[in-house]
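The next block holds one structure in the form of structure tokens; read it before the comments.
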Amino acid sequence: MTMIEVMVSMMIISIAFAGLMQSFPLGLAINKESENSTFAYYLAQEKLETLYSLDYDGIATGVIETKARVSADPDDYRYNYMRQTSVSYVDSDLINSLSDTGLKKITVTVYYPDALAKKEKSYNITTLISKK
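If you read the sequence shown in the working numbering, its first letter stands for residue 109, the second for the next number, and so on.
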């Protein structure tokens, strides 16, 4: 091989390596996004389990948890997550009702940072609870 061939091959390898190295930050951001959405799911499920532990009459209707940080401690991993919980009466057709129909709809929304787009995303979970 001549010196020119060696230099050209080294340049091609360098360009390929630089392109490969640029994919690592994207992979890390995708991994962080997956972690954030999983934590959001866990925080929503945690709130539902807390409400399930109460009886039907023990669950108030309306916005029972305004959108607020899950943790006030900046060192806690939950600090960047916010949660809102609302409960409403619904009828048998799942339409909101003003009176107690024996069925409540619980909606928990967890807001979390999007690692890719650098904006807020949300995870929403809704379930029903009835009188026993």
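Where is the CB? At the ideal position from N, CA and C, for every residue including glycine.
Of the choices L162, A148 and T169, whose alpha-carbon is the least far from that of V198? T169
Taking only the alpha-carbon atoms, compute the straight-line gap between S179 and S205 and give it to the nearest angstrom. 33 Å
By Cβ distance below 8 Å, which residues in the same chain neighbour R191 in space, the five residues on each side in sequence not counted? L151, A152, K155, E173, K175, A176, V178, V216, T217, V218 and Y219
For T193, I'd like the list of residues in its chain whose CB is within less than 6 Å of its CB, leaving aside the five on either flank, ordered along the chain. K155, I172, E173 and V216
Using DSSP with H/G/I as helix, E/B as strand and the rest coil, what is T158? helix
Under 9 Å between the Cβ atoms of A223 and K140? yes
Given that a residue counts as buried once 16 or more other Cβ atoms are within 10 Å of its Cβ, and exposed if not, what is K227? exposed
Going by DSSP, what residue range makes up the beta strand (DSSP E) through S197? First, the residue type needs correcting, since residue 197 is Tyr and not Ser in the sequence shown. Counting along the chain, the beta strand (DSSP E) containing Y197 begins and ends at M190 to V198.
Taking only the alpha-carbon atoms, compute the straight-line gap between D183 and Y149 and give it to the nearest angstrom. 20 Å
Cα separation between D181 and S117? 53 Å
What's the C-alpha gap between N188 and A137? 16 Å
I'd like to check one pair, K212 with Y160: are the Cβ atoms closer than 9 Å? no
Does the Cβ-Cβ distance between L236 and I214 come in under 9 Å? yes
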